[in-house]
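Peer 1: Residues 1 to 691 in the numbering used here are what the sequence shown spells out, letter by letter.
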Amino acid sequence: MPRVPKIRLRIRPALRLPRFGLRAQILGVGVSGVLILGLISAVGAHIQERLQREADASTVLKTHAGDVAALILKARQVETEFLLRRRPNLIAVRDELMKAALDHLGTIEQATAGLPPEDPLHGAEAIRAGLNLYATRFQNVAAAQRTLGFTEKDGVQGALREAVHAVETRLADLDAPRLSILMLMMRRHEKDFMLRGDETYGDALRDRVAEFLPILADASMPSAVKAEIKGLIEAYERRFLAYLVGASSLKEEADDLASIYGRLDPTVTQVEAAADARYRAAQAEILASRRWFAGLMWWTIALTVLCTVAVSIWVGQRTAQPLRLMARMMERLAGGDLGVPIPALRRKDEIGSMAKAVLVFRDNAQERDRLEREAEIAAAEKRARTRAVEAHLAAFERAMGEVVATVARSTGEMGGMAEALNAISTQTASEAKAASGISHDARLHVAAVAAATRQLTDSIAEIARQIEGMTRTVQQGSALAARTTAQVRELAATGERIGTVVATVQAIAAQTNLLALNATIEAARAGEAGRGFSVVAAEVKELAGQTGRATEEIIASVAEIQEGTRRAVGANAEVSELMAAIHAAATRVSAAVEEQDVATGEIARGIEQAAGGTDQLAGKVAGVGRTAGDTDGAATALLQVSRAMQAQSVEIETQVAAFLLALRQGVLDRTAGRDHPESGPTPGGVAIRAA
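(1) For the putative contact between VAL164 and ARG196, defined by C-beta atoms under 8 Å, what is the C-beta separation to the nearest angstrom?
(2) For the putative contact between PHE150 and GLU79, defined by C-beta atoms under 8 Å, what is the C-beta separation to the nearest angstrom?
(3) Here's the rule I'm using: 16 or more other beta-carbon atoms within 10 Å means buried, otherwise exposed. How should GLU594 be labelled?
(4) Which residue wins for smallest C-alpha separation from LYS356, given the options ASP363, MET326 and LEU345?
(5) Classify ARG238 as helix, strand or coil using the three-state DSSP reduction.
(6) Does the beta carbon of ALA302 fall short of 8 Å from some heavy atom of the ligand ADP?
(7) HIS146 to GLY155, Cα distance in whole Å?
(8) Using a 10 Å radius around the Cβ and a threshold of 16 neighbouring Cβ atoms, would you call GLU253 buried or exposed?
(9) Roughly how many angstroms lie between the CA atoms of LEU517 and ARG472, to the nearest whole one?
(10) Output the distance between the C-alpha atoms of ARG85 and ILE91, rounded to the nearest integer angstrom.
(11) Just to confirm before moving on: does the CB-CB distance between PHE361 and ILE40 stay below 9 Å?
(12) Please go through the same chain and pick out, in chain order, the residues whose beta-carbon is closer than 6 Å to the beta-carbon of ALA159, but skip the five residues on each side of it.
(13) Can you list, in chain order, the residues of its chain whose CB lies under 6 Å from that of ARG206, leaving out five sequence neighbours each side?
(14) Cβ of GLY437 within 9 Å of Cβ of GLN646?
(15) To which residues of the same chain is PHE193 closer than 7 Å at the C-beta, ignoring the five residues directly before and after it?
(16) Given this structure, state the Cα-to-Cα distance separating TRP314 from LEU325, to the nearest angstrom.
(17) For VAL268 versus ILE127, is the C-beta spacing smaller than 9 Å?
(18) I'd like the list of long-range same chain contacts for LYS230, defined as Cβ closer than 8 Å, with 5 residues on each side in sequence excluded.
(19) How big is the Cα-Cα spacing for ALA284 and LEU306?
(20) Using a threshold of 9 Å, state whether the C-beta atoms of ILE108 and LEU264 are closer than that.
(21) I think MET98 touches ALA70, with their Cβ atoms under 8 Å apart; what is that distance to the nearest whole Å?
(22) Near LYS74, what residues of its chain come up, given a Cβ to Cβ distance below 6 Å and the 5 sequence neighbours on each side ignored?
(23) For PRO322 and ILE351, which I take to be in contact (beta-carbon distance under 8 Å), what is that distance rounded to the nearest angstrom?
(24) Could you tell me the alpha carbon to alpha carbon distance between LEU174 and LYS191, rounded to whole angstroms?
(25) Between GLY401 and GLU653, is the Cβ-Cβ spacing less than 9 Å?
(26) Near ARG347, what residues of its chain come up, given a Cβ to Cβ distance below 6 Å and the 5 sequence neighbours on each side ignored?
(27) For VAL209, which residues from the same chain have a beta carbon less than 6 Å from its beta carbon, with the 5 sequence-adjacent residues on both sides left out?
(28) Which whole-angstrom value is the C-beta distance of GLN455 and ILE508, which I expect to be below 8 Å?
(29) With 16 as the cutoff for other CB atoms within 10 Å, does THR551 come out buried or exposed?
(30) Which word fits ALA142, buried or exposed, when buried means at least 16 other C-beta atoms lie within 10 angstroms of its C-beta?
(31) Can you tell me which of the three DSSP states LEU174 falls into?
(32) Which of the three DSSP states, helix, strand or coil, is assigned to GLY739?
(33) Less than 9 Å between CB atoms is the rule here; does ASP256 satisfy it with respect to chain D?
(34) Can you tell me whether DSSP reads ASP198 as helix, strand or coil?
(35) Pick from GLY416, GLU522 and ASN513: whose alpha carbon is nearest that of GLN640?
(36) As a quick exercise: from LEU131, ALA391 and THR500, pick the residue whose alpha carbon is nearest that of SER259.
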């Protein structure tokens, strides 16, 4: 290798000068630029902060000066409204405005205390004196207005109004047209003064008073009246003159107030303009400072970039040549020349570290080449062992697959049987529920028939009572028929009572017939169980018909009794015979009713037995439902067990597959371990040998 010493001679002179590493050199260049930029930025920020404080102070001055001007203008508007509308609440509003203006003025005075004496903002000191005078003069205006009165009923205005009304009221009671005309002229002068404010109207009113008093003295009226009117007119004159003086004073105060505002407004405007000019100057200074520092920052950045580029080129030239030589040497290593020498191993900078790393790379490559040759020898042995293990694993996998498939089929058949049993138990429970509903309906029907039977029994008892009453009535009729003709009238009355009783019996017979019809319907609804009850109902209906016919015969007999009262003797005999026939018929009806009562009792007992059987049937059906529910639960449990067995079979299949995969992976890991003996045996290799 004749070129190796030559390479070393070229590297050593190029890297002899630097005493620091490449990283430290590049870092020093970058840090220097950043420090310069940071220093300039800090100085600029300090100056900007100072200018911003001055700008903030000028903003405060501008804001407060504007507020003072706005508040004074608002106070002027309020006092103008006060003079026009004379509302006392405006006094407090204006006082609040003036107080706020003085507060803002105090802030301005504090801010301008450190300014030079010739600064225009010192004019704020003159504003305070003007504001105090302005506020004091408005208080005089308010006091003058309060003296005059805020309304026509207050103060001097109220007194003047009372005097006018007193004079006009007194003159209205008198017939003095000249005095009334003069009074109207005085009122005209009063109104003209109130409208125009000219004091000559006061002189005119005094002239009218001078004309009024002589005419009053010559008037034909009692002296007491004259004295009263004179006192009233003089009081009116005094109060008007007082009003004139107060109004003139108010006008003078208002004029002075306007004059003070006229002198104050230019000063306020001057201070506001000075504050605005100061604000604009501060903003312009901030803007100019920002532009100057921005330019300085850009120039500094450009200079820093140029210096960085120059130093980078210098450092690059000192490091590029050794790196190119190192690159060619690494290309030879990559080409398989593992005997190439490594230069620059004695350097202490990054180039030396790189050379040491390349040395390690070359040594590792030589060691890897040796290991690859040894691995090729072991690879043949590994492949033979792997083929044997794969054959055993394949046989084991086939055997386990057949077992798992058999278990899966068995569990599938068990699941099908469980589902079929579950369906059968569900159908049985449904049919048991339907049978329970049918038995419940039958029990309800039996209860209804029992209720109808009880009603029929009550009706038969009522018929028996009515027949007994009819028998007593017939006996009474027989006794009456044996009497003499002298009791014919009583016999007629008795015939009427008999007619009433017969009507009752006829109604009972009709009701019995209706009850028998209802019983027949209920028996028909009951079906086979109510057939005997239907026969009894038909007999009751027949007896009711006989009773109705018998009552009709009784009615006819009673009519004959009434018609045959003139033939008392012969009629008595016929009545006795009829009564005997009625008694016999009643006896037969009574016997039939007793038989009907006995039959009805038997029907009721049969219905009660049927109700008991229905209850037993419902209990049996409920037992069937419970049994079906138990069967359903057992089928569900069996189905769950079959599904669990299916899941277990799937889990077994998964575990077997995972086990086989782990075994195969172990074989591969062991193979890899044999390919790289320096890594040592793997747990997978141990597992394969154990298997």
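Don't be surprised by glycine CBs; every beta carbon is placed ideally from N, CA and C.
Note that the structure is a prediction, hence the values are computed from the model and not measured.
Peer 2: Looking at the coordinates:
(1) For this step, residue 164 is matched to residue 164 along the sequence shown. For this step, residue 196 is matched to residue 196 along the sequence shown. The C-beta distance from VAL164 to ARG196 rounds to 19 Å, too long to fall under 8 Å, and the pair is not in contact.
(2) Taking the first residue of the sequence shown as 1, we reach residue 150 at position 150. Taking the first residue of the sequence shown as 1, we reach residue 79 at position 79. At roughly 15 Å, the Cβ-Cβ gap does not stay under 8 Å, so PHE150 and GLU79 are not in contact.
(3) Indexing the sequence shown from 1 puts residue 594 at position 594. Classified as exposed, GLU594 has fewer than 16 neighbouring CB atoms from the shown chains inside 10 Å of its CB.
(4) As a position in the sequence shown, residue 356 is number 356, starting the count at 1. Distances from the alpha-carbon of LYS356 to those of ASP363, MET326 and LEU345 put LEU345 closest.
(5) The residue you call residue 238 lines up with position 238 of the sequence shown. In the three-state DSSP reduction, ARG238 falls in the helix class (H, G or I).
(6) Looking for the ligand ADP in the displayed structure turns up nothing, as the structure carries no ligands at all.
(7) The count along the sequence shown starts at 1 and reaches residue 146 at position 146. The count along the sequence shown starts at 1 and reaches residue 155 at position 155. Note that residue 146 corresponds to Arg in the displayed sequence, not to His. Their Cα atoms are separated by approximately 7 Å.
(8) Along the sequence shown, read from residue 1 onward, the residue named residue 253 stands at position 253. By the 16-neighbour rule on beta-carbons within 10 angstroms, GLU253 is buried.
(9) In the sequence shown, residue 517 corresponds to position 517, counting from 1. In the sequence shown, residue 472 corresponds to position 472, counting from 1. Using only the alpha carbons, I get a separation of about 29 Å.
(10) Locating residue 85 in the sequence shown gives position 85, where the first residue counts as 1. Locating residue 91 in the sequence shown gives position 91, where the first residue counts as 1. Annotation: ARG85 to ILE91 spans about 12 Å, alpha carbon to alpha carbon.
(11) The residue labelled residue 361 in the question sits at position 361 within the sequence shown. The residue labelled residue 40 in the question sits at position 40 within the sequence shown. PHE361 places its beta carbon 9 Å or farther from that of ILE40.
(12) One-based indexing of the sequence shown puts residue 159 at position 159. These residues qualify, in order along the chain: ARG239.
(13) Locating residue 206 in the sequence shown gives position 206, where the first residue counts as 1. Answer for ARG206: no residue qualifies.
(14) Residue mapping note: residue 437 aligns to position 437 of the sequence shown, counting from 1. Residue mapping note: residue 646 aligns to position 646 of the sequence shown, counting from 1. In terms of Cβ geometry, GLY437 and GLN646 do not form a close pair [threshold 9 Å].
(15) In the sequence shown, residue 193 corresponds to position 193, counting from 1. Within the same chain, TYR201, GLY202 and LEU244 come within 7 Å of PHE193 by CB-CB distance, once the 5 residues on both sides are set aside.
(16) As a working mapping, residue 314 is identified with position 314 in the sequence shown. As a working mapping, residue 325 is identified with position 325 in the sequence shown. One Cα belongs to TRP314, the other to LEU325, and the distance between them is close to 18 Å.
(17) The residue given as residue 268 occupies position 268 in the sequence shown. The residue given as residue 127 occupies position 127 in the sequence shown. Yes.
(18) Counted from its first residue, the sequence shown places residue 230 at position 230. Once the five neighbours on either side are set aside, the close Cβ partners of LYS230 are LEU213 and LEU216.
(19) Within the sequence shown, residue 284 is the residue found at index 284, counting from 1. Within the sequence shown, residue 306 is the residue found at index 306, counting from 1. When rounded, the separation of the alpha-carbon atoms in ALA284 and LEU306 is 33 Å.
(20) In the sequence shown, counting from the first residue as 1, residue 108 sits at position 108. In the sequence shown, counting from the first residue as 1, residue 264 sits at position 264. One thing to note: ILE108 has its Cβ no nearer than 9 Å to the Cβ of LEU264.
(21) To locate residue 98, count along the sequence shown from 1; it is residue 98. To locate residue 70, count along the sequence shown from 1; it is residue 70. About 13 Å; that fails the 8 Å criterion.
(22) In the sequence shown, counting from the first residue as 1, residue 74 sits at position 74. The residues LEU97, in chain order, have a CB closer than 6 Å to that of LYS74 in the same chain once the five nearest residues on each side in sequence are set aside.
(23) On the sequence shown, position 322 is the one that residue 322 refers to. On the sequence shown, position 351 is the one that residue 351 refers to. Confirmed, Cβ separation roughly 5 Å.
(24) Working through the sequence shown from its first residue, we reach residue 174 at position 174. Working through the sequence shown from its first residue, we reach residue 191 at position 191. So the two alpha carbons sit approximately 24 Å from each other.
(25) For the purposes of this step, residue 401 is identified with residue 401 of the sequence shown, where counting begins at 1. For the purposes of this step, residue 653 is identified with residue 653 of the sequence shown, where counting begins at 1. Taking 9 Å as the Cβ cut-off, GLY401 and GLU653 qualify as a contacting pair.
(26) For the purposes of this step, residue 347 is taken as the residue at position 347 of the sequence shown. Cβ-Cβ distances below 6 Å link ARG347 to nothing in the same chain once the five nearest sequence neighbours on each side are left out.
(27) Within the sequence shown, numbered from 1, the residue matching residue 209 stands at position 209. Closer than 6 Å at the Cβ level, and outside the excluded window around VAL209, lie GLU237.
(28) As a position in the sequence shown, residue 455 is number 455, starting the count at 1. As a position in the sequence shown, residue 508 is number 508, starting the count at 1. The pair is not a contact, with the Cβ atoms about 15 Å apart (cut-off 8 Å).
(29) Your numbering for residue 551 matches position 551 in the sequence shown. Residue burial is scored here from C-beta neighbours: THR551 has at least 16 other C-beta atoms within 10 angstroms and is therefore classed as buried.
(30) Walking along the sequence shown from the start, residue 142 turns up at place 142. Residue burial is scored here from C-beta neighbours: ALA142 has at least 16 other C-beta atoms within 10 angstroms and is therefore classed as buried.
(31) As a first step, residue 174 must be located in the sequence shown, where it is residue number 174. In the three-state reduction of the DSSP assignment, LEU174 falls in the coil class.
(32) The question about residue 739 has no answer, for the chain in this structure spans 1 to 691.
(33) No chain D is part of this structure, which consists of one protein chain only.
(34) Taking the sequence shown and counting its residues from 1, one reaches residue 198 at position 198. Of the three classes helix, strand and coil, the one that applies to ASP198 here is coil, per DSSP.
(35) Position 640 of the sequence shown, counted from the first residue, corresponds to residue 640. When each option's Cα is compared against that of GLN640, the closest is GLY416.
(36) If you number the sequence shown from 1, residue 259 lands on position 259. Of the listed residues, the one whose Cα sits closest to SER259 is LEU131.
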